[in-house]
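One line per chain: the protein sequences are A and B, in this order. Okay, so the first sequence: first residue is 2 according to this note's numbering, each after it adds one. Okay, so the second sequence: first residue is 196 according to this note's numbering, each after it adds one. Every residue gets a Cβ at the ideal spot worked out from N, C-alpha and C, and that includes glycine. Nothing here was measured: the structure is a model prediction, and the numbers come from that model. Notes for the one structure printed next.
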Amino acid sequence: MLASPLRMHIPDGFLTPAIAVIGWAIAVAIIVLALRQTRRQLDDRMVPMMGVLAAFIFAAQAINFPVAAGTSGHLIGASLAAIVMGPWAATLIMTAVLVVQGLLFQDGGLVVMGWNVVNMGVVAAFSGCLTYTLARRLAGESRVAILAASFAAGWISVVIASLAAAIELAASGTSPLTLAVAAMGSVHALIGIGEGIITAAAVGLLLVSRPELLKAGATAPGGRTATLVLVGLAVGLLVAAFSPLASPSPDGLEAVAESQNFLGLGQAAPYRILPDYTVPFIAHPALTTIAAVMLGTLVVFGGAVLVGRAATRRQASRG
Amino acid sequence: MHFDLADQYRPRPSFVHHLDPRVKVVVALAFILAAGLMPIGAWGGYAALLILALGASLTSGLGPIFALRRSYVALPFALVALPLVFTVPGEVVYHTPLTGWTITAQGLERFLSLMLRSWIAIQAAILLTAVTPFPDVLWALGTLRFPRLLVATIGFMYRYFFVLADEATRMLRARAARSGEVGGRRKTPALWQARVAGHMVGSLFLRALERSERVHAAMLARGYNGQMPNLAQRAMRRMDWLVILAALLLLVGLLAWARPF
């Protein structure tokens with residue numbers, strides 16, 4: 002029951018030690034920043050509050066609901082924590098969750114834990130928070146707008162975090178970039194729907210019972226630094242994603258396609274599961290897949306803003 | 196069921212259990228790092244690491260298959276690395292019949308090496324948690340210069356996640372009792388179920404937040420001033436230094452043998 006709902010916890014051995022060390026360096030730097038910001042916000046309440054809320058995230062991941070075909074949906078929680086507590090506190094909470102999952106239950110490796118903290122802590126919390134704040138600002142203050150913004154935050158945080166994990170795996174030579182991004186992206190696009198609905202429903206409950214909590218989260222300090230952190234991470238990951246293309250031995254799939262006449266073979270085969278799927282990807286492998294994920298993100302974000310706007314307008318005209 | 200049963204510590208009166216926690220943490224991390232640094236296809240190196248893990252398991256009195264039994268946890272991640280079998284260029288050993296993909300010897304070697312590496316690494320992590328109480332691991336991390344407030348937060352989480360997991364279990368039981376499926380009746384849609392789960396998460400969050408406020412008040416009443424008191428005072432004994440030196444030398448030696456520079 003305590004098994005992790007999310008197979009985004011990279012185990013040890015899947016990243017090269019050099020890349021693992023870079024991950025730790027980034028994680029430690031951001032954790033130190035997050036500690037400073039959160040301590041300023043919460044003072045001596047910080048340790049008990051962050052600790053108990055981390056325990057909450059861990060326990061909430063056990064609350065599941067049945068989806069089709071015997072699978073079930075769960076919460077990952079970074080975006081919910083970020084919406085209510087702000088991105089820095091959410092980063093700390095998720096870090097505590099990930100350290101305990103790695104140390105106690107071997108969910109995610111120890112040497113690669115830095116990247117797990119960056120993906121599911123930093124990237125998920127900051128992208129979730131940024132989505133929520135932006136969507137709320139664009140869509141207004143009605144209840145539906147807030148719920149739509151929460152859904153978008155949940156979905157986007159999961160998908161972007163999985164994209165980051167895929168890029169790290171590819172940079173380590175564990176999985177070809179195109180396939181890693183496509184596989185992680187599509188699986189987590191589904192997982193993200195569950196995450197989005199649960200996040201939105203949880204925020205909806207808080208909106209009814211303790212609306213002042215949501216206002217406090219929106220005014221959490223460090224908003225500008227938060228944007229900087231997210232932009233910096235995004236640029237870094239994109240550079241990492243495209244560096245293999247610049248190197249003499251490009252993406253594995255492409256190399257094979259050239260050396261083994263893979264393309265010809267593939268097209269000659271009469272049975273293919275997704276005939277149109279591989280061909281455009283081989284033409285521009287990395288670009289196309291990453292662009293597809295980004296497009297999905299924009300669609301979800303735009304949809305949430307539109308739905309929220311319409312609801313706000315209807316409420317305004319009625320009231 | 197209470198979640199304290201989920202703790203992985205296995206008390207034994209063994210030599211390994213009595214080592215300083217810092218030694219165990221450092222050696223486990225070095226071991227995992229060594230597994231990661233083993234070159235592709237260094238089968239001898241992998242075997243040596245496996246024997247070391249087995250030896251540690253036996254000395255701890257946990258028996259030879261303790262770590263093996265739980266080491267499947269990382270297995271689902273193998274799917275991510277599986278494409279390597281097809282994409283690494285090299286000598287073709289097999290054509291898949293329908294799709295015309297080619298499996299190369301080099302791809303197979305790389306995939307198997309990755310699997311072995313992570314399988315060996317996870318055994319070290321399992322052993323570490325089995326022979327060291329979790330608060331001791333945290334204490335070791337704290338003295339090894341981990342951010343102190345983060346370690347304190349994690350310690351708090353460890354204390355309370357059993358409490359909150361019990362709370363979540365009670366909520367799940369209540370849900371099952373009130374909205375269970377009756378044979379022949381229409382199934383509730385997934386969206387509705389997800390909303391219920393979300394409301395449960397929201398109310399669990401409120402309970403956690405209020406609990407944290409009560410905990411903080413209780414701490415203040417007992418003289419908390421923002422510093423977590425630390426009662427454990429431990430010193431490295433000669434045996435601890437010996438073990439850590441021997442282990443690190445052994446790992447460096449193994450690496451030097453397996454990957455000629």
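Check, Outcome
"Measure the alpha-carbon distance for G110 (chain A) versus G250 (chain B) and round it to whole angstroms.", "21 Å"
"Starting from V288 (chain B) and walking both ways along the alpha helix (DSSP H), at which residues does that stretch end?", "Careful: V288 (chain B) lies outside any alpha helix (DSSP H), inside the beta strand (DSSP E) at 287–290."
"Would you mind stating whether L170 (chain A) and S163 (chain A) have Cβ atoms separated by less than 8 Å?", "no"
"State the start and end residues of the unbroken beta strand (DSSP E) segment that holds T297 (chain B).", "297–299"
"Against chain A, does P278 (chain B) count as a neighbour if the rule is that its beta carbon must be under 8 Å from one of theirs?", "yes"
"In or out: E196 (chain A) buried (at least 16 other Cβ within 10 Å) or exposed?", "buried"
"Are L234 (chain A) and V123 (chain A) touching if we call contact CB-CB under 8 Å?", "yes"
"For V447 (chain B), does the count of other Cβ atoms within 10 angstroms reach 16, so buried, or fall short, so exposed?", "exposed"
"Excluding the five sequence neighbours on either side, which residues of its own chain have a C-beta within less than 6 Å of the C-beta of I31 (chain A), listed in chain order?", "V123"
"Kindly provide the ranges of any alpha helix (DSSP H) runs that are 4 or more residues long and lie completely inside the segment 122–170 of chain A, ordered along the chain.", "125–140"
"Which residues, in chain order, does the segment 24–54 of chain A contribute to contact with chain B at a C-beta distance below 8 Å?", "V29, I32, V33, L36, R40, D44, D45, R46, M47, V48, P49, M50, M51, G52, V53, L54"
"With 8 Å set as the bound, which would you pick, yes or no: does the beta-carbon of E286 (chain B) sit closer than that to a beta-carbon of chain A?", "no"
"In terms of residues, what are the limits of the alpha helix (DSSP H) holding D435 (chain B)?", "433–453"
"Let me know if S266 (chain B) comes out buried or exposed under the rule of 16 or more other beta-carbons within 10 Å of its beta-carbon.", "buried"
"Does the Cβ-Cβ distance between V438 (chain B) and V218 (chain B) come in under 8 Å?", "yes"
"Identify the continuous alpha helix (DSSP H) that holds N420 (chain B) and give its terminal residues.", "Premise fails: N420 (chain B) is in no alpha helix (DSSP H) and is neither H nor E."
"Mind listing the chain B neighbours of T96 (chain A)? Cutoff is C-beta to C-beta under 7 Å, in chain order.", "L345"
"Hey, is the segment 227–242 of chain B in contact with the segment 278–294 of chain B, meaning 3+ C-beta pairs nearer than 8 Å?", "no"
"Can you find a C-beta in chain B that's less than 8 Å from the C-beta of A199 (chain A)?", "Checking the sequence, you will find Ile at residue 199 (chain A) rather than Ala. Yes, its Cβ sits closer than 8 Å to a Cβ of chain B."
"For the ligand HEM, is there a heavy atom less than 7 Å away from the beta-carbon of Q318 (chain B)?", "Judged by which ligands are present, the structure shown has none, so any question about the ligand HEM falls away."
"Just to check my reading of the structure: A184 (chain A) and V275 (chain B) have Cβ atoms closer than 8 Å, yes? What is that Cβ distance to the nearest angstrom?", "7 Å"
"Using CA coordinates, which residue listed in A:L99, A:I11, A:G129 is at the minimum distance from V346 (chain B)?", "A:L99"
"Once the 5 residues before and after L336 (chain B) are set aside, which same chain residues still bring their CB inside 6 Å of it?", "V346"
"Compare the Cα-Cα distances from I246 (chain B) to each of B:A300, B:G302, B:A319, B:F210 and report the closest residue.", "B:A319"
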